Structure formats: structure tokens, C-alpha cells
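Q: A single structure is presented below for examination.
4 protein chains.
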Amino acid sequence: MLRFDSDYMEGAHPKLMQRLVETNLEQTVGYGEDNYSCQAADLIRSACGCSDALVRFLTGGTQTNATVLDALLNSWEGVIAADTAHINSHEAGAVELTGHKVLALPNHEGKVMASDVERYLKEFFDDENHTHMVFPGALYISFPTEYGTLYSLKELEELSSICHSYKIPLYIDGARLGYGLAASKDVTLKDISRLSDVFYIGGTKVGALFGEAVVAPNPDLLPHFFTFMKQHGAVMAKGRLQGVQFGTLFTDNLYLEISKNAVDQAMRLKKAMIAKGFLPYVDSPTNQQFFILPKSEIDRIRKFATFEIWAPVKPDLCIVRFVTSWNTSAADIDEFIYKL
Amino acid sequence: MLRFDSDYMEGAHPKLMQRLVETNLEQTVGYGEDNYSCQAADLIRSACGCSDALVRFLTGGTQTNATVLDALLNSWEGVIAADTAHINSHEAGAVELTGHKVLALPNHEGKVMASDVERYLKEFFDDENHTHMVFPGALYISFPTEYGTLYSLKELEELSSICHSYKIPLYIDGARLGYGLAASKDVTLKDISRLSDVFYIGGTKVGALFGEAVVAPNPDLLPHFFTFMKQHGAVMAKGRLQGVQFGTLFTDNLYLEISKNAVDQAMRLKKAMIAKGFLPYVDSPTNQQFFILPKSEIDRIRKFATFEIWAPVKPDLCIVRFVTSWNTSAADIDEFIYKL
Amino acid sequence: MLRFDSDYMEGAHPKLMQRLVETNLEQTVGYGEDNYSCQAADLIRSACGCSDALVRFLTGGTQTNATVLDALLNSWEGVIAADTAHINSHEAGAVELTGHKVLALPNHEGKVMASDVERYLKEFFDDENHTHMVFPGALYISFPTEYGTLYSLKELEELSSICHSYKIPLYIDGARLGYGLAASKDVTLKDISRLSDVFYIGGTKVGALFGEAVVAPNPDLLPHFFTFMKQHGAVMAKGRLQGVQFGTLFTDNLYLEISKNAVDQAMRLKKAMIAKGFLPYVDSPTNQQFFILPKSEIDRIRKFATFEIWAPVKPDLCIVRFVTSWNTSAADIDEFIYKL
Amino acid sequence: MLRFDSDYMEGAHPKLMQRLVETNLEQTVGYGEDNYSCQAADLIRSACGCSDALVRFLTGGTQTNATVLDALLNSWEGVIAADTAHINSHEAGAVELTGHKVLALPNHEGKVMASDVERYLKEFFDDENHTHMVFPGALYISFPTEYGTLYSLKELEELSSICHSYKIPLYIDGARLGYGLAASKDVTLKDISRLSDVFYIGGTKVGALFGEAVVAPNPDLLPHFFTFMKQHGAVMAKGRLQGVQFGTLFTDNLYLEISKNAVDQAMRLKKAMIAKGFLPYVDSPTNQQFFILPKSEIDRIRKFATFEIWAPVKPDLCIVRFVTSWNTSAADIDEFIYKL
């Protein structure tokens, strides 16, 4: 059976496993203060072009979003996000758990539009009753979005500019950042770092067993972040585990290289599906591909490949999602195309 | 200057003030355990036709909503509400402060539609990933709504039936309940009590200095509610203040009688505005009246009457709100009509 | 029956009631933006000798403590307090509800000792693991304490000095501030204002129907405090109610004058009890008096006077509390002494 | 350098690493629904003798404590614990973050005494004002405690009996459960399972890279626990990682076997220290050993071995902690004794 359910179905890239085995019985201090974590942080700073950045390693995406946003937001503030944002839909209210509202704007293929954000901010501060309302205290976007789409460099620049003019931080959820960067025509990791205030580099879905690297180019934005992490249950005793993994991912460009494979195979899958006459739900350039399929086709394809039913459209029609990963082989896609 | 900004511009109805003065130097026990509070609770139980109901007095609407919802919801649950619901828009995130998400549905003149609620609930539980999402744990509606509109008896019965079939409580925010009951063609206080699981009878906007009476026909739904109130800072040391006031409001039908005046005067104002050619924004039968006015008219009318600018429509056009109260006199409206 | 259960058994001082009645049907804007509230704030600023202070009116003590502390503390911080502090024992966890730990130190007749506070702070920051712990972010004291005792001016200066050297705010719970000031040998309202960072002037227990005035001599310490209040359900629609009351309390020195009466009567009661051979539990100079009484005496005195059982000491021995108020008359105490 | 800082200085036991490598490129479903997790849960149920137990895998101790307690406690409840409890001292207020107070009792060598717990509960419910206070909603103990000490079977039975008679759950923090069971004279895993309501089996400190297995013999106590975990950021996408690890730890008794080594080596270290004339701070039978050392000795020993300074006693005297682990070799202790 070919499996396209998600990009977290395997363990880690073999190079990461190898390093974890090699270092397994070494003794290091805990809580991310070890040399492996320090080296990994330096490699990330260098890749991002921000030598002073705070870099901290957390365990998973929901945890990272909740911890960072709780740290970025004042108590009277919420976070603006697309209604399709992971924090608004699939994180079980983790942001609200510690007191912050998600201020949802309509999505456009998973993205928020700069003009919507600007109007929201303007109308909020123009409203005579705004002190009775939740203040917008940050903007959350995901790159790629939950629908696999990407902001262009121009779109990122516009969002960044609006955020800065209203003095609210721009936070980028990079759960699949590698796949986004590998697919983008014009956005680089240095752009992400330059245009956002805080972002995270997803490891769980891009080659690691687990782990997300939070990067704050200006560390003053996240004072006492270690204690925040501890309070949120996000500190690993053996922090070196993420250190070893991210150190390996950011050596010899491994992170982007393995991301590129996922995107390449996704493009082959997409092309084959379209050639077969299936309608893409959005035009995603990354490793998540959404199609609108009749149930008969879903049943037929599920005989040789797994994938998720995303949402119903009509009684007989569904949006489905196919996901490739760093480990999807060209042979897998050959077989998929052959059987399709 | 005529004032239609809101229905909380005066103190209390003179009968309430008189009773507060008469009882002022009596000594009673605190925290709502006094005889005045007990008597008021009994009068409310009787008016509601639910002899076993839990009745507790809180101070204001935002506090009441946050406290009741925190008590009704499990930690993994949020509350369904119209996007225009007061809890979603004008309570500064009080519901989220203690960990609960507001699950917003589109409003229809301030109301949620039963079919939308049913679809939301059905799709939620059908969704294979729903354990990753905030569970819908209660339905919040306001009667009247934030736009002055009313649910019909049939609409309330439908919402109540859906809630019961999904085993989630229906909570009614009655900040202006008196005005709603006075204006409704078919809904009585006993219907509210029969069809909802918890509701509150607003005092602040309907004749009291302050105070909201929470009513839970089945008290098992709100175990340890006093401690919840205390934890939310919602217990008054001198609980008798609400007891005295609500006892007076629920003697000789005062609550409904004074509400009726507000509605009568609002209808006169509405008729005059329409006659003048102004467009109502919604067709409200209660004491809040919304119109779409050009700025020139806003400026002109503001010379003799105050009212709130609710929201911009176009650069030169705004939604505005006029509110009458139990204390608005026929002479006030005469003068308004004359000057209009 | 003579009643010494508490100092919130009556309504308001007659002068306050009179002003509430006189202003009852005036129409004002809401939420504390009215002229009465502004005037009261000015009178308070003047009495405190801090012309720039932020002054805001809340409803009750628990609400005030939770709201102010949530505003003062960063998310990673808790509040140092005596183990007997009201916030630690009798507020149902309102401080914890919004995420903050109470860091309890041993009390000495209800007070925290400066040396204990200093040691706690020093040991905290010396501890190599302190980033895994809740940071001390404020010091809470009450004046008078929950046992009626008072800090001397010197003690306040020491606490203030320690707080400032560690850059944490000193917050004073003044639920019974009037009684404390009336009884203190050396502490004035201006001292409270000079030595604390935020404090509140209790109205509920000192002549008002309800209401607490939060004072922050440096308003920068409480940014967006109105929205905090709203989020905590602590904003009254008819804010003028506290404005009218505090305006009256701070006219012609009424607040201190009526406080003095309570203290005078408490001293007479205390003297009589001691003369009768009863042991004070602490040496309180204010309107709360604690004695250790055998059950037989409790039963006997309860035939003509009410008071609270505070805590058991032995099977047959309890700590009890007698409280006088602004409204306790000399005749009440005459009668008490006569029957004792 | 010999390292006795903690028991989380290495990676995983080689057998676990081997299984992680072997299964690394297998594709499984996520979120703990995979076969490895199911098998591990079954092995744990079998070892605990509770075939219906809920078993869920989380990532670390602080996260586990906060998530379980938030799930066990009602909003108006706090958790009783020793003042030295990890949740009270070294988890950065994670329990308070989601609204619950830690109700601290004095510790006795890290343990709470049954008589103290019983008195606390009795006095709480006897107190006429207890509805103004945080209700005790669970009892937290650690086995072994933060000082390495153990409850006897009789002590556990007493605590369990008190909890059941007051209908509050007993929760056991088993961060080092293996070491406790290996050292206990009379407590078995089945006893832990029989006497507690919820407990967790620590993996991070006992042979795993990371991971804690929450066990609730009666799953009704933790309804919707998966969503709670998600909301707390405690769900791992690749849940199989804990499944593989715990499956290996609970095969062929590995968990207890490797724990026994740590205890054996700790006993040799302890004996040597005592023989050298050093005073144990508590009499710990497990892998954590506390001594009171003068600074000169601390400096001397630190030349060949690392350990933590736990707390100051006097200017020249400190409590220090030595920790052995599953990986401490007899040769390490030989060398330590030789150099001591």
C-alpha cells in the first residue's frame, strides 16, 4: 500500500538516526544547554543570517504555537489568523487554554490577505469601543499554509510592513517550512527571518523524529522564554535530542535537500492526477495536494493508496489530501501513476 | 439633550431606590445568603415556573457570561455563538481568559439559525479528526440579540431541541430580557425557562442599579456555582443589594411593566425615523433601533440627541444605534419626533 | 441581637445613599467615564498626593486582587504573600484562575517580615535552577492584615525598599484601608501611596454599598487596565455608582472619620474582653478583634451577639472574630459590655 | 569526569535505540494510534494487572503532571501536595497556568503524611467558609519522592484509603517509578496500580529517550483525555516513538531490571560516602542520594565527579545531590570510591 496520509508516517532521516545512535551514550547536561543544541542553534542562526537570534527547540507544532503566542501576546491581546489556520481549527483550543482569542479572518486558499489584515487593524483602532474588545496583538500565518499554498515574497513583505506599522509581531508557523522553501519561487530562509518577528522551523514533518526550532531574530521579543517553555511543558530533559537532529539537518543543506524531494514527487503526483481529469481544490506548489474526488474514485484509489478525506463538498463529492514526504521515493510515485 | 446612547444611563427605578434606602441600615449576612436574596430568588422561581431552580445574583453581563460558561463547559469544550454575540465581540475575551473558545457561526440579523447550529454539530462529530478540535459544549444565544432582534417561540424550540439531542446546554444571555419579553409576540419567561438550560435575567439595563439573576432550572447543571462565582470575582459581599432590587422588580410585575415602556417608546422612535425616510439596518421590535444614516444626518440629529455610531458602512454612511430605556418618557420621544 | 460578624452587614453610609438618590435619574455615560467618577478620582489623587495616578473603580476585593495581580504579573511570575493572605486562603483560587501562583511565606500575626521576603528573593535568584521555577513578580500585603494587624511605617519602608531593589511592585490590599489608617500611629494615606506601587482603597467594608478604588501612582505600571478590567468582568456599566460613592467618601474627610468610629468602638470591645479575662489571639489595633474562647463562653456570648468562629485550636477552644464597622454605635458596645 | 548530575544525561538504553532504528522507516499512522503504541499499552496493562486501563504516552514529566491534573480537577479544585513536590517547586507554575492551585502540606523527607492529609481534608470541609476556598480535588504524591524516599505499602494504603473516603483521586508522579519499585521492600507496580487512581510510568529518566506512560486503571476518570493532551501540546505526531520504546521497556522485564542497576550503584555510592563520614540529608533507598557537605569537600569531589548543589544550609554548608542511572556502571562507582 502506498501511503500519502501525512508527512509524519516515518521516523527520522537515516542521517539523523545515525547521529542519534552515535551520540546515544554520551553524557550531556539537560534542558537544551548541551553542546549539540548550542551548535545546532549556531547553524540555524547562520542559515537565517541573524547572528543574535534566540533559538530554542520544542517538541511539536501545537505546543510551539501555544507557547510562542502566549509569550508574544499581552493578556489583553489575541492573534489574527486565517479561519483555516491550524491554531484556529486543529489544535483543540491550545491558544485559548492560556487565555488568548484567535481573531479569525477569511482565508484565500489558506492565506490571509494583507488588505484584510490592514482593514481589520484600522477598523479595530477606529472603533470607539475597542477598549471593550480583544486587541490584535500578533499576526499568525503558516508557510506553507494548511492548504499547501505559499505567500509570495511580495505578499510577505506587505504583511510584514503592516505588522510593523501597527507594532504587532508577525509569527510564521513553519511546521512544513522546508517544503515551502523548496517550492517557493522567491522566498528564502533569510527572507523568512528578515520579514517575521518569530518563526519556527519544523522538524517533525521534515526529516526529524520530532522537534521544532523557534527562531526570534530579535531575542528581546521573547524574554524568559525558557521559563515559558517550562510552564507550558515544552522543555525536554534530553534537549540534546533536538540539538543532534537539527545540527544534522542544518549541515550540508540536508534540510532543504530532503524537502526538495518531497516537492518534486508531489509535483509528479499532481500532474498525474490532473492528467487523469481530477480537479485540484487549490493550486498547491508544495507537498500537500488537495483534490475534489467523487466517492467512487476515492474507493478505487484507496485500494492501492491511503490519503485523508479532508471535508465533504456534496453527498457524493469530497476534498481529499495527498501528502508526500522527504522519504517518498520516485518509485512510489511511479507505482501510483501506474495504478491510477 | 435627548440621550439614546444606551439603556444604562440612569440609576435604578425609583421603587428600587426607595427599597434600598428603606433597608439600608438593616444588618444582614453577606454573600447572598440573606433573606432579601432568598425572597427574590423565590419570586423569580415562581415567575419562571421552576420551583427547583438555582438562582444566583451576579453584578454585570460580561462577568455573568464568563462565569456561567466556565461553569457549563468542560475544559475541552467551547461555546457556539453568533459572530455578533456579545461574548465574541465586546467582552474583551473574558470567555477565552479562562480557557474556552467561542465557536462563531454567521449571524442572521444577530441570530444564529437552527440549521447552521445543527450542521455545525453534525459535521463536527462526523469529522474523523474532531478529537483534535474544540468540542462544542454549549450554545449561547441572546434574547434580544445584540441587534435588538428576537427569536420566535418556534425558533427557540428548534434550538432547544437540537441542543438536547446533542446533549449540550442552551444558555440565554438575557441582559435585556425584559425588553425582549415585552416585545415578543409569543415568548414568555416561562418559555425561556422551559427551553433553556441556563439563562440570566438582566437587571443592569432593566431598572436596577446593577445585577443579573442567573437561573438554572435544573441546578445539577451548575454544581459548586457559588465557588465558581467567588473564583471569578463575581460574589458581592452585600448580596442583599441584588436581593432587594430583584425582589422589587419581581413584585407586582414591575420588571415587565417598565420594560414595556421602553419598547413602546422605541416603536414610536422607529416609526418616526422610517417616516423620515431612514432605513432600519435590521427590523428590531425591541428597545434597540439601528439605522443606516449619512454623516450629514448624523451631525444634524446629534445636535439634539445622542446615540452611538455602531459601524461604518461606506465613507459617508454609518450604522447607528438608538436605545430607549425603562425611563424614556413619552415626552422625550415627542421632542425627538418634533426636532427630527 | 448585636452583630459583629463582619463590616459588610449594612448598606452604605447615609450620606452616600443620599447622593445616590439625588443623582439617581441623571443620565451619564457608562463604564466609569462619567463626571462623578472623574471627580472622585481627582479627590483620591489629591488625598494621596499623587496627581498623575491612575484611579479605577472595581466592585469587590477578590475581583480587584485578581485583576490587579493579573495586570501586574508577567505570565512567568507569581506573587509573594503571607500564607494567611486573603488571596492565598479565601478567594477560591481567583489568582490561580488566570495562571499565577501565590508564593506563600510564613505570616507573623498576619504580616510578612521584610527579612523573609528578602531571603526568599535572594535565594530564588541564587538558585541555579530558578528558571525552572515561578519567578516572584510582586509582593502582596494587606493593610490592615487579615488579622487586623498593621505594618508600621518602618516596616512598610523596608518592604518597599526590598521590592524596589528587586524591581518588583509592592501591592497593598486595602479592603479595610480606612480602619488601618484610622488606627495606625504613623502611616498615612500619602505614605501608602508613596511606598506602594499599586494599592486599593476599600469601599465595600468602609461605608460604601460596594466599590474598591485602585490607585497606581505611576500609571505606566497598569497599561490597558480598563481592558483588563473588562476581561475580568470587573467593569460596571453604571460606573458612576462608585464615582458618586467615592466622591462622597473623599469629601470632608468622611472616609477616615467614619473609620475612626469603628476603631474606637473596637478598642472599647477589646478592653472589655480583656478585662473579662479573655485572651486576644493577636494584638490588633483595628476593627477586627480575635480572641481564643472556650466553647462554653462562645455559646454564652452568642445569646446576645453574633461573631465568627475563625479556626479551631483544641476540641474545646476556638479562635473567634469580632468586627466593628463605621456604623457600630457606642450604645451597641455599651450593651455588649453590659451583657458580657 | 564521573557524572552524577541527573538520570537524564544519556540517550536511551541500547535495546530501545536498536528498536527505534529497526522500525525507523516503517510507515505508521500518527498520534499514538499505531500498532506499536497499542502493543506497548497492552504490555503495560498486563504488567499493572488492570486490563481496562487507559494508557496514554506523553513526552515529559512537567507536561504530564499539568495535563493529568487539569483533567482530574474540576475548575474549583486544587491539588494537595508536599511543599517539596515537583509540581509545587520546579515546574514553573505549569499547574497554575491552567487555573489550579497547589495546596501545599509540610513534607517529611519529601513525603506527605496521611495524618496531615486527613486533617487538611477534615478541617476544610468543617470550615464554615470553605465555599470561599479552593476545594482539595486530588492528592499528588511522587514515588520515589523528590528526595529519593519511598512510601511503604502501608503508607500508600493509608493515603489511598483517605482519598477514597473523601472521593478525591490519588495521583502518583512516577518520573522515577522504576527506581522506586526496584528499591521498595514491599511496593509493586500492581500495588501502584491498585492503590492510585492515575499514575505515570516515567521513561525519560529510566531508559527511554523521552516518554511517560499515563495509566488510569479506571478510564472513566479521564474522559476525552486525548483532546486534553492535544490542548496541552502533549500529543506527539509520531506517537509510535513512545510505543516502540515502552514496548521494549515492558518486554522481558527490562524496565525493572535496568532500574535495579541504578539502585545497586546508588547504594554502593551511599555506603562509601557514609563511610567517608558524610551525613546523608535524608535516608534515600533509591538512585538519588543527598548529603550535607562543606564547601571544601564539594570543591574537592567536583574535581572528579559532577553533582548538583541542591540548597544552602549555612554559608559553608550545602545539601548536594548525586544521581545514578540505568547506565551507571559498577566501574564508575569503583572509580568514584577510589577517588573519594
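Residue numbers (this note's numbering), protein chains in the order written: chain A, 29 to 368; chain B, 29 to 368; chain C, 29 to 368; chain D, 29 to 368.
Glycine residues also receive a C-beta, built at the ideal position from the N, C-alpha and C atoms.
Note that this is a predicted model, so its numbers are computed, not measured.
On a Cα-Cα basis, can you pick out the residue from B/Asp219, B/Thr87, B/Met29 and B/Ser357 that is closest to glycine 239 of chain C?
A: Residue mapping note: residue 239 of chain C aligns to position 211 of the third sequence, counting from 1. Among B/Asp219, B/Thr87, B/Met29 and B/Ser357, the Cα nearest to that of glycine 239 of chain C is on B/Thr87.
Q: Determine, using beta carbons only, whether valine 10 of chain B comes closer than 7 Å to chain C.
A: Here chain B has residues from 29 to 368 only, and residue 10 of chain B is not among them.
Q: For the stretch 252-264 of chain D, enumerate the residues whose C-beta is nearer than 7 Å to any C-beta of chain B, in chain order.
A: Here the close residues are His252, Phe254, Thr255, Phe256, Lys258 and Gln259.
Q: Indicate whether at least one CB of chain C lies closer than 7 Å to the CB of histidine 128 of chain A.
A: The residue you call residue 128 of chain A lines up with position 100 of the first sequence. No, because no Cβ of chain C sits closer than 7 Å to the Cβ of histidine 128 of chain A.
Q: Using a Cβ-Cβ cut-off of less than 8 Å, list which residues of the stretch 48-62 of chain B approach chain C; keep chain order.
A: Residues Leu48, Val49, Thr51, Asn52, Leu53, Glu54, Gln55, Thr56, Val57 and Gly58.
Q: Sorted by chain position, which residues of the same chain lie with C-beta nearer than 8 Å to threonine 177 of chain B's C-beta, five sequence neighbours on each side aside?
A: The residue labelled residue 177 of chain B in the question sits at position 149 within the second sequence. These residues qualify, in order along the chain: Glu137, Gly138, Lys139, Val310, Asp311, Ser312, Pro313 and Thr314.
Q: DSSP beta-bridge partners for aspartate 201 of chain A?
A: Indexing the first sequence from 1 puts residue 201 of chain A at position 173. Looking at the DSSP assignment, aspartate 201 of chain A forms a beta bridge with A/Ser170.
Q: By the criterion of Cβ-Cβ separation under 7 Å, what are the contact partners of glutamine 91 of chain B in chain C?
A: Locating residue 91 of chain B in the second sequence gives position 63, where the first residue counts as 1. The contacting residues are Gly261.
Q: Which chain C residues are close to aspartate 248 of chain A, counting only those with a beta carbon under 8 Å from its beta carbon?
A: Here the question's residue 248 of chain A lines up with position 220 in the first sequence. The contacting residues do not exist; aspartate 248 of chain A stays about 14 Å from chain C at best.
Q: So, under 8 Å CB-CB, phenylalanine 350 of chain B and leucine 307 of chain B are touching, yes? Tell me the CB distance rounded to an integer number of Å.
A: For the purposes of this step, residue 350 of chain B is taken as the residue at position 322 of the second sequence. For the purposes of this step, residue 307 of chain B is taken as the residue at position 279 of the second sequence. Their Cβ separation, rounded to whole angstroms, is 14 Å, which puts phenylalanine 350 of chain B and leucine 307 of chain B out of contact at 8 Å.
Q: Show which residues of chain D have a CB atom less than 9 Å away from the CB atom of methionine 161 of chain C.
A: One-based indexing of the third sequence puts residue 161 of chain C at position 133. Within 9 Å Cβ-Cβ: Ser117, His118, Glu119, Ala120 and Gly121.
Q: Restricting to Cα atoms, I'd like to know which of B/Ile337, B/Met257, B/Phe332 and B/Gln316 is closest to proline 322 of chain B.
A: Taking the first residue of the second sequence as 1, we reach residue 322 of chain B at position 294. Comparing Cα-Cα distances from proline 322 of chain B to each of B/Ile337, B/Met257, B/Phe332 and B/Gln316, the minimum goes to B/Ile337.
Q: Leucine 97 of chain D: which of D/Asp80, D/Lys150 and D/Gly121 sits nearest, CA to CA?
A: Position 69 of the fourth sequence, counted from the first residue, corresponds to residue 97 of chain D. Nearest of D/Asp80, D/Lys150 and D/Gly121 to leucine 97 of chain D, Cα basis: D/Gly121.
Q: So within the stretch 130-165 of chain D, which uninterrupted beta strand (DSSP E) runs reach at least 3 residues, ignoring any that extend past its ends?
A: Whole beta strand (DSSP E) segments, 3+ residues: 130-133.
Q: Can you give the Cα-Cα distance for valine 263 of chain B and cysteine 191 of chain B, rounded to whole angstroms?
A: Mapped onto the second sequence, residue 263 of chain B falls at position 235. Mapped onto the second sequence, residue 191 of chain B falls at position 163. Using only the alpha carbons, I get a separation of about 29 Å.
Q: Quick one: does glycine 39 of chain D have its CB under 7 Å from some CB of chain A?
A: Residue mapping note: residue 39 of chain D aligns to position 11 of the fourth sequence, counting from 1. It does; some Cβ of chain A falls within 7 Å.
Q: Could you tell me the boundaries of the beta strand (DSSP E) in which leucine 82 of chain C lies?
A: For this step, residue 82 of chain C is matched to residue 54 along the third sequence. Unbroken beta strand (DSSP E) run through leucine 82 of chain C: 82-86.
Q: Does glutamate 186 of chain C have its Cβ less than 7 Å from a Cβ in chain D?
A: In the third sequence, counting from the first residue as 1, residue 186 of chain C sits at position 158. No, its Cβ sits nowhere closer than 7 Å to a Cβ of chain D.
Q: When you compare the CB of leucine 125 of chain B with every CB in chain A, is at least one pair closer than 7 Å?
A: The residue you call residue 125 of chain B lines up with position 97 of the second sequence. Output row for leucine 125 of chain B: interface = yes.
Q: Rounded to the nearest angstrom, how far is the Cβ of alanine 142 of chain D from that of glutamate 186 of chain D, given a contact under 8 Å?
A: Indexing the fourth sequence from 1 puts residue 142 of chain D at position 114. Indexing the fourth sequence from 1 puts residue 186 of chain D at position 158. Alanine 142 of chain D to glutamate 186 of chain D, Cβ: 4 Å. Contact.
Q: What would DSSP say about leucine 53 of chain D, mapped onto helix, strand or coil?
A: On the fourth sequence, residue 53 of chain D is found 25 positions in, with the first residue counted as 1. Leucine 53 of chain D: coil per DSSP, three-state reduction.
Q: Quick check on tryptophan 104 of chain C - is its C-beta less than 7 Å from some C-beta in chain A?
A: Here the question's residue 104 of chain C lines up with position 76 in the third sequence. Cβ-Cβ to chain A under 7 Å: yes for tryptophan 104 of chain C.
Q: What does the alpha-carbon distance come out to for the pair leucine 237 of chain D and tyrosine 228 of chain D?
A: Indexing the fourth sequence from 1 puts residue 237 of chain D at position 209. Indexing the fourth sequence from 1 puts residue 228 of chain D at position 200. Near 16 Å, if we compare the C-alpha coordinates of tyrosine 228 of chain D and leucine 237 of chain D.
Q: Rounded C-beta distance between leucine 101 of chain B and alanine 166 of chain B? I'm assuming under 8 Å.
A: The residue you call residue 101 of chain B lines up with position 73 of the second sequence. The residue you call residue 166 of chain B lines up with position 138 of the second sequence. The pair is a contact, with the Cβ atoms about 6 Å apart (cut-off 8 Å).
Q: Could you work out which residue in B/Asn52, B/Thr56 and B/Lys43 is closest to tyrosine 37 of chain C when comparing CA atoms only?
A: To locate residue 37 of chain C, count along the third sequence from 1; it is residue 9. Looking at the sequence itself, residue 37 of chain C is methionine, so the reference to tyrosine does not match. Among B/Asn52, B/Thr56 and B/Lys43, the Cα nearest to that of methionine 37 of chain C belongs to B/Thr56.
Q: For lysine 288 of chain D, which residues of its own chain have a beta-carbon under 6 Å away from its beta-carbon, when the five flanking residues on both sides are left out?
A: Locating residue 288 of chain D in the fourth sequence gives position 260, where the first residue counts as 1. Result list for lysine 288 of chain D: Ala210, in chain order.
Q: Could you name the residues of the same chain whose beta carbon sits closer than 6 Å to that of glutamine 270 of chain D, not counting the 5 residues immediately before and after it, in chain order?
A: As a first step, residue 270 of chain D is located in the fourth sequence; it is residue number 242 there, counting from the start. Around glutamine 270 of chain D: Phe85 and Gly239.
Q: Within this structure, are the beta carbons of isoleucine 115 of chain C and tyrosine 168 of chain C separated by less than 7 Å?
A: Working through the third sequence from its first residue, we reach residue 115 of chain C at position 87. Working through the third sequence from its first residue, we reach residue 168 of chain C at position 140. Cβ distance < 7 Å, so isoleucine 115 of chain C and tyrosine 168 of chain C count as in contact.
Q: Flag this pair as touching only if the stretch 361-368 of chain B and the stretch 327-337 of chain B have three or more C-beta atom pairs under 8 Å; answer yes or no.
A: Yes, the stretch 361-368 of chain B is in contact with the stretch 327-337 of chain B.
Q: Pick from B/Lys213, B/Asn63 and B/Tyr283: whose alpha carbon is nearest that of asparagine 355 of chain B?
A: On the second sequence, residue 355 of chain B is found 327 positions in, with the first residue counted as 1. Ranking the options by Cα distance to asparagine 355 of chain B, first place goes to B/Tyr283.
Q: Can you list the residues of chain B that aspartate 98 of chain D reaches, using a CB-CB cut of under 7 Å?
A: Working through the fourth sequence from its first residue, we reach residue 98 of chain D at position 70. Neighbours of aspartate 98 of chain D on chain B, chain order: Ser103.
Q: Please list, in chain order, the residues of the stretch 128-158 of chain D that have any C-beta partner in chain F closer than 9 Å.
A: In the displayed structure, chain F is absent; the protein chains listed are A, B, C and D.
Q: At the 7 Å Cβ level, is leucine 282 of chain C part of the contact set with chain B, yes or no?
A: For the purposes of this step, residue 282 of chain C is identified with residue 254 of the third sequence, where counting begins at 1. Answer no: the Cβ-Cβ gap between leucine 282 of chain C and chain B never drops below 7 Å.
Q: How many angstroms separate the CA atom of phenylalanine 274 of chain D from the CA atom of isoleucine 286 of chain A?
A: The count along the fourth sequence starts at 1 and reaches residue 274 of chain D at position 246. The count along the first sequence starts at 1 and reaches residue 286 of chain A at position 258. Near 30 Å, if we compare the C-alpha coordinates of isoleucine 286 of chain A and phenylalanine 274 of chain D.
Q: To which residues does DSSP link leucine 307 of chain D through a beta bridge?
A: Sequence index remark: in the fourth sequence, residue 307 of chain D carries index 279 (1-based). Bridge partners of leucine 307 of chain D: D/Ile320.
Q: For alanine 333 of chain C and chain B, any beta-carbon pair shorter than 7 Å?
A: As a working mapping, residue 333 of chain C is identified with position 305 in the third sequence. It does not; no Cβ of chain B falls within 7 Å.
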